[in-house]
Amino acid sequence: MVHKRLQQGKLVRLFEDWPPSKEIIHAIFPTKRGLPPAVRLFIDFLAYQYSQMEIMEASV
């Protein structure tokens, strides 16, 4: 997502010498019980986008 926006000029890189991190990210929410479907979908979306980012960065 970010890579595409950078190429379009919609975002600018502030720290040119600082590469993106491929470390673990955390999604924090109160409990799994009663988790709204929209929140679960958003978490799944973030996980998918993060996995694609790693692939994209390897090819850049």
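Under my numbering, the first residue of the sequence shown carries the number 49, and numbering increases by one thereafter. Note that CB positions come from ideal geometry on N, CA and C, so glycine has one too. Note that this is a predicted model, so its numbers are computed, not measured.
Asked, Found
"Excluding the five sequence neighbours on either side, which residues of its own chain have a C-beta within less than 6 Å of the C-beta of Phe82, listed in chain order?", "It should be pointed out that residue 82 corresponds to Gly in this sequence rather than to Phe. Around Gly82: no qualifying Cβ."
"Give the secondary structure of Ala75 by DSSP, where H, G and I count as helix, E and B as strand, and everything else as coil.", "coil"
"Helix, strand or coil, according to DSSP, for Asp92 in the structure here?", "helix"
"In angstroms, rounded to a whole number, what distance separates the CA positions of Ile76 and Leu62?", "27 Å"
"Any C-beta of chain C sitting closer than 8 Å to the C-beta of Arg61?", "Looking for chain C here will not work: only one protein chain is present."
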